Amino acid sequence: MDDVLDEVVSPDDLKKFEIKYNQELKLSSVTQQVQFEYSWCLVRSKYPADIRKGIYLLEDLCKNHAATKRDCIYYLAIGNARIKEYNKALKYVKAFLDIEPGNLQLQQLEKSIKQRMRKEGRKGLAVASGVGLAVGLAGVVIIKALTRS
Numbered sequence: 018m019d020d021v022l023d024e025v026v027s028p029d030d031l032k033k034f035e036i037k038y039n040q041e042l043k044l045s046s047v048t049q050q051v052q053f054e055y056s057w058c059l060v061r062s063k064y065p066a067d068i069r070k071g072i073y074l075l076e077d078l079c080k081n082h083a084a085t086k087r088d089c090i091y092y093l094a095i096g097n098a099r100i101k102e103y104n105k106a107l108k109y110v111k112a113f114l115d116i117e118p119g120n121l122q123l124q125q126l127e128k129s130i131k132q133r134m135r136k137e138g139r140k141g142l143a144v145a146s147g148v149g150l151a152v153g154l155a156g157v158v159i160i161k162a163l164t165r166s
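Note that this note's numbering numbers the sequence shown so that position 139 is 156, with each residue one more than the last.
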């Protein structure tokens, strides 16, 4: 199974749904379906600003339209994970799993999010260690230079 967190929407699909959404927005009558389709594309964009906009639209749908809540929560988890908001993503996954504990798709998503959290944590630790080492070496060089004078 491909990781849903790596799926990227095609520019053509994004453009198609953006046009549809903006047409309805101009008429002040955006349907739930069109808003969902557009936000679904946005959270699968490669651009963080698009993903955030998709999250905003999904949150709006979730609050105002109970019928789409299930799908919205799933894509809210994906969107938040894609912008590295892992705790928020896991909150949505947990809320969904509380309702459907046997949902394999959600269990896989939870596993993917946790793997990414660990990977990001290791990256952060490596960067912090590298910075600490560089600062320590710079300190040693400065002390040696001062003691020679």
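Yeah, the Cβ is synthetic: ideal placement off N, Cα and C, and Gly gets one too. Computed from a predicted structure; not experimentally measured.
Pairwise C-alpha distance: residue j and residue i
| i | j | result |
| --- | --- | --- |
| I72 | K101 | 13 Å |
| K32 | K80 | 26 Å |
| Q125 | R133 | 12 Å |
Which of helix, strand or coil DSSP assigns to residue i
| i | result |
| --- | --- |
| Y64 | coil |
| L44 | coil |
| V110 | helix |
Buried versus exposed call for residue i [16 or more other C-beta atoms within 10 Å across all chains shown]
| i | result |
| --- | --- |
| G138 | exposed |
| I116 | exposed |
| A94 | buried |
| D67 | buried |
| V60 | buried |
Contact test: residue i Cβ vs the ligand MG heavy atom, cutoff 7 Å
| i | result |
| --- | --- |
| I68 | Absence of the ligand MG is noted for the structure shown, with no ligands found whatsoever. |
Presumed contact (8 Å Cβ cut-off) between residue i and residue j, rounded CB distance
| i | j | result |
| --- | --- | --- |
| L78 | Y55 | Actually they do not touch by this definition, with Cβ atoms about 10 Å apart. |
Proximal residues to residue i (C-beta, below 6 Å), its chain only, five neighbours per side dropped
| i | result |
| --- | --- |
| E41 | V47, V51 |
Cutoff 8 Å; reference residue i; Cβ partners in own chain excluding five residues on either side
| i | result |
| --- | --- |
| F113 | R87, I90, Y91, A94, N120, L123 |
| I14 | Outside the displayed span of the chain (18 to 166) sits residue 14, for which this structure offers no information. |
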